[in-house]
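Below: the structure, in structure tokens.
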Amino acid sequence: MTLTRQEQAPDLIGEEPEGCDRGPGLRPLPEGRDRYTISEVSAHTGLSVHTLRWYERIGLMPHIDRSHTGQRRYSDKDVSWLALVNKLRLTGMAVADMVRYADLVRQGEHTYAERRALLVATRQSVLDRIEELRSTLAVLDYKIDLYS
Numbered sequence: 001m002t003l004t005r006q007e008q009a010p011d012l013i014g015e016e017p018e019g020c021d022r023g024p025g026l027r028p029l030p031e032g033r034d035r036y037t038i039s040e041v042s043a044h045t046g047l048s049v050h051t052l053r054w055y056e057r058i059g060l061m062p063h064i065d066r067s068h069t070g071q072r073r074y075s076d077k078d079v080s081w082l083a084l085v086n087k088l089r090l091t092g093m094a095v096a097d098m099v100r101y102a103d104l105v106r107q108g109e110h111t112y113a114e115r116r117a118l119l120v121a122t123r124q125s126v127l128d129r130i131e132e133l134r135s136t137l138a139v140l141d142y143k144i145d146l147y148s
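With the UniProt record's numbering, the residue at position 68 of the sequence shown is 68, and numbering never jumps.
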């Protein structure tokens, strides 16, 4: 039986659910290649070059390949991982938890339960924030109606 890429690497975004775009104004990656410079990845993801280097330094990114001149060369897999990291960042997940998650991914399949628990806790935090924002929106709507 042959596994799909998503089954082989379930922590990569792969085919994203509807509404999970990478954001406005971001450039697509050059087609027909699987190696990108740090500036190409920066333009594609919206992350600064400084942030990409920092992610690597703190262990949030796996080892990034280098060219013969020492330049970073990001793969499609690296870019997919960054898409997931961006989504985790948007959830408000602490950097330390993102680094922990990355470490669990590197440790292998036996960490699925711990990864799931971390994501479930983050999901609950997101749901709590959504409810807080709905309540805040209701107050704003009430005040706007008063001025109408």
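Glycine included, C-beta positions come from ideal geometry on N, C-alpha and C.
| task | Using a threshold of 8 angstroms, state whether the C-beta atoms of Val41 and Leu82 are closer than that. | result | yes
| field | Through-space distance from Leu60 to Glu114, alpha-carbon basis | value | Distance between the alpha carbons of Glu114 and Leu60: 17 angstroms.
| message | What would DSSP say about Asp65, mapped onto helix, strand or coil? | response | strand
| Status (buried if at least 16 other CB within 10 Å, exposed otherwise) for Tyr101 | Result: buried.
| said: Runs of 3 residues minimum, wholly inside the UniProt domain "HTH merR-type" (35-104): which ones carry the beta strand (DSSP E) assignment? | reply: As for any beta strand (DSSP E) of minimum length 3 sitting wholly inside the UniProt domain "HTH merR-type" (35-104), there is none.
| query | Can you give the Cα-Cα distance for Leu140 and Val85, rounded to whole angstroms? | reply | 32 angstroms
| message | Just verifying my parser: in three-state terms, what is the DSSP assignment at Glu31? | response | Coil.
| message | In whole angstroms, give me the CA-to-CA distance for Ser125 and Ser67. | response | Roughly 41 angstroms separates the two Cα atoms.
| field | Cβ-Cβ distance between residue 185 and Tyr36 below 8 angstroms | value | Since the displayed the chain opens at 1 and closes at 148, residue 185 lies outside it and no answer follows.
| Taking buried to mean at least 16 other C-beta atoms within 10 Å of its own C-beta, is Val120 buried or exposed? | exposed
| task | Note down the Cα distance separating Asp103 from Tyr112, rounded to an integer number of angstroms. | result | Approximately 12 angstroms, taken between the alpha carbons.
| field | Residue interval of the alpha helix (DSSP H) (run including Ser135) | value | Unbroken alpha helix (DSSP H) run through Ser135: Tyr112 to Tyr147.
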